[in-house]
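Residue numbers (this note's numbering): 1 to 219. I have placed the structure first, in the form of structure tokens, so that the comments after it can refer back to it.
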Amino acid sequence: MTEPSHDPKLKVLVFAAALRKDSLNARLAAITARVAARYGAVVDHASMHDFDTPIYDGDLEAGGIPAGADAFHQRLLDNDAFVIASPEYNGSMPGGIKNLIDWASRYRPQPFDGRHGLLLSASPSMAGGNRGLWALRIPLEHLGARIFPDMFSLAMAHKAFAGDEIGDATLRARFEKNIEAFLSLAEAAKNYPCIKRAWVEFLGEPPQPGVDRVDPAPA
Ligand SMILES: Cc1cc2nc3c(=O)[nH]c(=O)nc-3n(C[C@H](O)[C@H](O)[C@H](O)COP(=O)(O)O)c2cc1C
1 MTEPSHDPKL KVLVFAAALR KDSLNARLAA ITARVAARYG AVVDHASMHD FDTPIYDGDL
61 EAGGIPAGAD AFHQRLLDND AFVIASPEYN GSMPGGIKNL IDWASRYRPQ PFDGRHGLLL
121 SASPSMAGGN RGLWALRIPL EHLGARIFPD MFSLAMAHKA FAGDEIGDAT LRARFEKNIE
181 AFLSLAEAAK NYPCIKRAWV EFLGEPPQPG VDRVDPAPA
């Protein structure tokens, strides 16, 4: 039997887009990391602190992309897929994660293009921060990421954990099914790539050196 030319196991970056030490989203990300490992993924569990980055500034970029954004870019490249557990701030995503996406989008090849992602949220509210995830989908999908249709939002998250688990058994099963479904799709896409595509960031812009916002189509 011939050996596969690459590691067929899915590598997945998991982190929370939150900085505080008692973050509900960091708790959800930690549970996600364990569940994903149980389903056979190789998990790279990161912290938003690993990606600490100043606000995007084109002048700063001219001197080199900051270390935090560079680390994020590298971790994206090192993994096949990503999971973000993000708080909702004022009905949208936190500025920190948008800033990080903006910095990472400056690399070529553009690292989100074709990469599979899953979005989760946790909030004390009854909606669980779900509106923020719809906002977070926009820049990621704009950049060509394949964001999984099902998103999981943990409502009343300040009361929803029991130790290092989601307390309610029905909700826990729904969450784990969501993780499993995402991993299955991302693993299939890694091992049996079939989508033919070409990413263009700004529609109507001619692909030409100098104003190039187009990644070459994968071979
Ligand atoms: C600036 C700010 C805006 C917020 N806006 C919302 C909101 O729109 N919807 C919501 O459900 N929670 C909102 N919250 C409450 C957060 O969901 C809550 O603080 C949550 O615990 C933050 O995530 P973390 O625990 O992972 O840090 C907001 C919190 C802050 C600090």
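Backbone N, C-alpha and C fix where the C-beta goes; we use that ideal spot for every residue, glycine too.
Buried or exposed by the 16-neighbour rule on C-beta atoms within 10 Å, applied to residue i
i      : result
Met1   : Model confidence at Met1 stands at a pLDDT of 44, short of 50, so the residue's coordinates are unreliable; what they give is reported in the following sentence. Met1 comes out exposed.
Leu221 : Examination of residue 221 is not possible in this model, given that the chain is present from 1 through 219 alone.
Gln110 : buried
Val200 : exposed
Ile166 : buried
Arg115 : buried
Asp227 : A query on residue 227 cannot be resolved here, the shown segment of the chain reaching from 1 to 219 and no further.
Asn79  : buried
Ala16  : buried
Ile138 : exposed
Arg174 : exposed
Arg146 : buried
Thr170 : exposed
Ser23  : buried
Any non-hydrogen atom of ligand 1 within 6 Å of residue i CB
i      : result
Ser23  : yes
Asn99  : no
Pro87  : yes
Arg20  : yes
Met90  : Position check: residue 90 holds Asn in this sequence, whereas Met was assumed. Because some heavy atom of ligand 1 lies under 6 Å away, the Cβ of Asn90 counts as near it: yes.
Ser153 : no
Ser125 : yes
Arg95  : A small correction: the amino acid at residue 95 is Gly; Arg does not occupy that position in the sequence shown. No.
Gly117 : no
Gly163 : no
Gly68  : no
Gly129 : yes
Beta-carbon spacing of residue i, residue j below 7 Å
i      : j      : result
Asn99  : Tyr56  : yes
Gly18  : Ala26  : Residue identity check: residue 18 is Ala in the sequence provided, not Gly. It is a contact, given that the beta carbons lie within the stated cut-off.
His73  : Ala104 : yes
Val43  : Val83  : no
His45  : Ala62  : no
Pro271 : His158 : Residue 271 is absent from the model: the chain starts at 1 and stops at 219.
Leu10  : Glu187 : yes
Val35  : Glu176 : yes
Ala71  : Asp50  : yes
Ser86  : Ile101 : no
Bridge partner(s) assigned by DSSP for residue i
i      : result
Ala122 : Leu154
Phe161 : Ile166
His116 : Ala81 and Arg146
Ser92  : Tyr89
- 3-residue-minimum beta strand (DSSP E) runs that sit fully inside the segment 1-86, ordered along the chain: 11-16, 42-45 and 81-85
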